[in-house]
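Visitor: Residue numbers (my numbering), protein chains in the order written: chain A, 1 to 214; chain B, 1 to 50.
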Amino acid sequence: MNRPYLHPPALRIWHWLNAAIVMALIATGLDLRFHGIAALAPRDPALLWHKGLGLALIAVSIFWFVYSVASGNLRRHYGIKRGDLRGMAAQTRYYLGAIFTGGANPFPGTPAAKFNPLQKIAYNAIMFILLPIQAVTGLLFMNIPPLRDWLLAGELIGLLGAAHTLCSYLLILYLIVHLYMATLGETFFAHTRAMITGYEDAAQPPGQEEGNRT
Amino acid sequence: MLRGLWSGGGGGRPAGGIGFKWIDMAGAIFVPLTIGAVAIHALLRKVQKK
Numbered sequence: 001m002n003r004p005y006l007h008p009p010a011l012r013i014w015h016w017l018n019a020a021i022v023m024a025l026i027a028t029g030l031d032l033r034f035h036g037i038a039a040l041a042p043r044d045p046a047l048l049w050h051k052g053l054g055l056a057l058i059a060v061s062i063f064w065f066v067y068s069v070a071s072g073n074l075r076r077h078y079g080i081k082r083g084d085l086r087g088m089a090a091q092t093r094y095y096l097g098a099i100f101t102g103g104a105n106p107f108p109g110t111p112a113a114k115f116n117p118l119q120k121i122a123y124n125a126i127m128f129i130l131l132p133i134q135a136v137t138g139l140l141f142m143n144i145p146p147l148r149d150w151l152l153a154g155e156l157i158g159l160l161g162a163a164h165t166l167c168s169y170l171l172i173l174y175l176i177v178h179l180y181m182a183t184l185g186e187t188f189f190a191h192t193r194a195m196i197t198g199y200e201d202a203a204q205p206p207g208q209e210e211g212n213r214t
Numbered sequence: 001m002l003r004g005l006w007s008g009g010g011g012g013r014p015a016g017g018i019g020f021k022w023i024d025m026a027g028a029i030f031v032p033l034t035i036g037a038v039a040i041h042a043l044l045r046k047v048q049k050k
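(1) Look up LEU5(B) in the DSSP assignment and say whether it is helix, strand or coil.
(2) Run down chain A in chain order and give the residues with a C-beta less than 7 Å from the C-beta of ILE35(B).
(3) Determine the chain B residues that contact PHE189(A) at a beta-carbon separation under 9 Å, and present them in chain order.
(4) I'd like to know if PHE65(A) contacts chain B, where contact means its C-beta is closer than 7 Å to some C-beta of that chain.
(5) Relative to chain B, which residues along the region 17 to 29 of chain A have a C-beta separation below 9 Å, given in chain order?
(6) Helix or strand or just coil, what does DSSP make of LEU44(B)?
(7) Could you tell me whether the region 73 to 81 of chain A touches the region 120 to 140 of chain A, using the rule of 3 or more Cβ pairs below 8 Å?
(8) For ASN116(A), which three-state DSSP category applies?
(9) Over what stretch of residues does the alpha helix (DSSP H) that includes THR101(A) continue unbroken?
(10) Drop a sphere of 10 angstroms on the beta-carbon of LEU2(B), count the other beta-carbons inside from all chains shown, and report buried for 16 or more, exposed for fewer.
(11) Among all the DSSP beta bridges, which residues are the ones paired with ALA202(A)?
(12) Is it true that the region 138 to 158 of chain A meets the region 21 to 34 of chain B, where meeting means three or more beta-carbon pairs spaced less than 8 Å apart?
(13) Classify LYS46(B) as buried or exposed, calling it buried when 16 or more other Cβ atoms lie within 10 Å of its own Cβ.
(14) Check whether the Cβ of PHE100(A) lies closer than 7 Å to any Cβ atom in chain B.
(15) Going by DSSP in three states, ILE126(A) sits in which element: helix, strand or coil?
(16) Taking the continuous alpha helix (DSSP H) assigned at ARG33(A), which residues delimit it?
(17) Count Cβ pairs between the region 53 to 67 of chain A and the region 85 to 101 of chain A that sit closer than 8 Å; are there 3 or more?
(18) Measure the Cβ-Cβ separation of PHE128(A) and ASN116(A) and say whether it is below 7 Å.
(19) What does a CB cutoff of less than 8 Å around ALA163(A) pick up in its chain, not counting 5 residues either side in sequence?
(20) Count the other CB atoms, across all protein chains shown, that sit within 10 Å of the CB of ALA217(A); report buried if there are 16 or more and exposed otherwise.
(21) Mind reading off the beta-carbon distance from ALA176(A) to ILE35(B)? Whole number of angstroms is fine, and I expect it under 8 Å.
(22) Only counting the same chain, and skipping five residues up and downstream in sequence, which positions put a Cβ closer than 7 Å to that of LEU25(A)?
(23) With H, G and I counted as helix, E and B as strand and the rest as coil, what does DSSP make of PHE107(A)?
(24) May I ask you to list, following chain order, the residues of the region 157 to 173 of chain A that have a beta carbon less than 7 Å from some beta carbon of chain B?
(25) Could you confirm whether any beta carbon from chain B is found closer than 7 Å to the beta carbon of TYR94(A)?
(26) Determine, using beta carbons only, whether TYR180(A) comes closer than 7 Å to chain B.
(27) Mark ILE157(A) as exposed unless 16 or more other C-beta atoms lie within 10 angstroms of its C-beta, in which case mark it buried.
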């Protein structure tokens, strides 16, 4: 079994912190959505928790961004490279066909390139489009005096709510797929274990199987 | 400036008011659809492995 080291401690801590905050944000967000935010008391616990968790998510996302830029994680693993478009097609074919017949993953995670082209697109969309929209719309929802008055005067609250809700649903859809994809490693928990220990249990690259080393 | 940050949140129309109900409808369709799609994918993998 090949065991590449993929995830440094800072990213593992960020990942699990991020996961806990996002799950709690979804739970409190659904609570707010089903009850109707306008019907809630200003100090409703779900509302206060949602705001606090939102600020916490902004904080950990800023940490992720700063760490990723400083460590080269962003450039190395998230940068879209030439050939990724073709790689996306190959990865899609794998998920829709070869995975059922035991075919090899065209982009197994390695220390040099952790993510396949589809993951890169998805993670970039999450970190640089959806989360910033959630953060900005969420901050504008808070009672920041001049902003609040302008938004009410311009009748923009509904639009903000729509953008925030739409992005929330997109994040939930992503999360469902992400949780499922987390089970597609060499074993059911291989990816999850890698996010705890840093080391991924991966198939031996072709030609390096046990007893085949020369 | 940030006084009152923790109070309120309502005061305007409810999030996704009139004209935005399609978002909840789309969510009600796509969330179960996505769960179903990954369940079918997982099932197919299991069946093919046998």
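By construction, the Cβ of each residue, glycine as well, lies at the ideal position given by its N, Cα and C atoms.
Guide: Inspection of the coordinates gives the following:
(1) If you number the second sequence from 1, residue 5(B) lands on position 5. The predicted model places LEU5(B) with a pLDDT of 49, which falls under 50 and marks its position as unreliable; any figure quoted below should be read in that light. LEU5(B) falls in the coil class under three-state DSSP.
(2) Counted from its first residue, the second sequence places residue 35(B) at position 35. What ILE35(B) touches in chain A: ILE176.
(3) On the first sequence, position 189 is the one that residue 189(A) refers to. Within chain B, no residue has its CB atom less than 9 Å from the CB of PHE189(A), the nearest being about 15 Å off.
(4) Your numbering for residue 65(A) matches position 65 in the first sequence. Among the CB atoms of chain B, none fall inside 7 Å of the CB of PHE65(A).
(5) Taking 9 Å as the Cβ-Cβ cut-off against chain B, none of the residues of the region 17 to 29 of chain A qualify.
(6) Translated into the one-based positions of the second sequence, residue 44(B) becomes position 44. When DSSP states are grouped into helix, strand and coil, LEU44(B) belongs to the helix group.
(7) Segments in contact, yes.
(8) Against the first sequence, residue 116(A) aligns to sequence position 116. Looking at ASN116(A) - three-state DSSP - the assignment turns out to be coil, as it is neither helix nor strand.
(9) The count along the first sequence starts at 1 and reaches residue 101(A) at position 101. Run containing THR101(A): none; DSSP gives neither H nor E here.
(10) Translated into the one-based positions of the second sequence, residue 2(B) becomes position 2. In this predicted model, LEU2(B) has a pLDDT of only 44, less than 50, meaning its place in the structure is not dependable; the value taken from the coordinates is given anyway. With fewer than 16 other Cβ atoms within 10 Å, it is exposed.
(11) Numbered from 1 along the first sequence, position 202 holds the residue referred to as residue 202(A). ALA202(A) is bridged to ASN2(A).
(12) Too few Cβ pairs lie closer than 8 Å, so no.
(13) Within the second sequence, residue 46(B) is the residue found at index 46, counting from 1. Classification for LYS46(B): exposed.
(14) Numbered from 1 along the first sequence, position 100 holds the residue referred to as residue 100(A). So yes, PHE100(A) belongs to the interface.
(15) Here residue 126(A) is taken as the residue at index 126 of the first sequence, counted from 1. Helix.
(16) Here residue 33(A) refers to the residue found at position 33 when the first sequence is read from its first residue. Run containing ARG33(A): 9 to 35, per the alpha helix (DSSP H) assignment.
(17) Contact check between the region 53 to 67 of chain A and the region 85 to 101 of chain A: fewer than three CB pairs, one atom from each, fall below 8 Å, which does not count as touching.
(18) Counting from one through the first sequence, the residue named residue 128(A) turns up at place 128. Counting from one through the first sequence, the residue named residue 116(A) turns up at place 116. The answer is no: Cβ separation not under 7 Å.
(19) Taking the first residue of the first sequence as position 1, residue 163(A) is located at position 163. A distance below 8 Å between beta-carbons, with the five flanking residues on each side excluded, links ALA163(A) to the following residues of its chain, in chain order: ILE133, THR137.
(20) The question about residue 217(A) has no answer, for chain A in this structure spans 1 to 214.
(21) Counted from its first residue, the first sequence places residue 176(A) at position 176. Counted from its first residue, the second sequence places residue 35(B) at position 35. Per the sequence presented here, residue 176(A) reads as Ile, with Ala not at that position. Confirmed, Cβ separation roughly 6 Å.
(22) Stepping through the first sequence from its first residue, residue 25(A) is reached at position 25. For LEU25(A), the CB contacts under 7 Å within the same chain, skipping 5 residues up- and downstream, are HIS50, LEU53, GLY54, LEU57 in chain order.
(23) Within the first sequence, numbered from 1, the residue matching residue 107(A) stands at position 107. In this structure, PHE107(A) counts as coil in the three-state DSSP scheme.
(24) So the list reads ILE157, GLY158, GLY161, ALA162, HIS164, THR165, LEU166, TYR169, ILE172, LEU173, given in the order they occur along the chain.
(25) As a working note, residue 94(A) is residue 94 in the first sequence. No - not a single Cβ of chain B is within 7 Å of the one on TYR94(A).
(26) Here the question's residue 180(A) lines up with position 180 in the first sequence. Residue contact check for TYR180(A) against chain B: a CB pair falls below 7 Å.
(27) For the purposes of this step, residue 157(A) is taken as residue 157 along the first sequence, with counting starting at 1. Counting the other CB atoms within 10 Å of its CB gives ILE157(A) a total of 16 or more, which places it among the buried residues.
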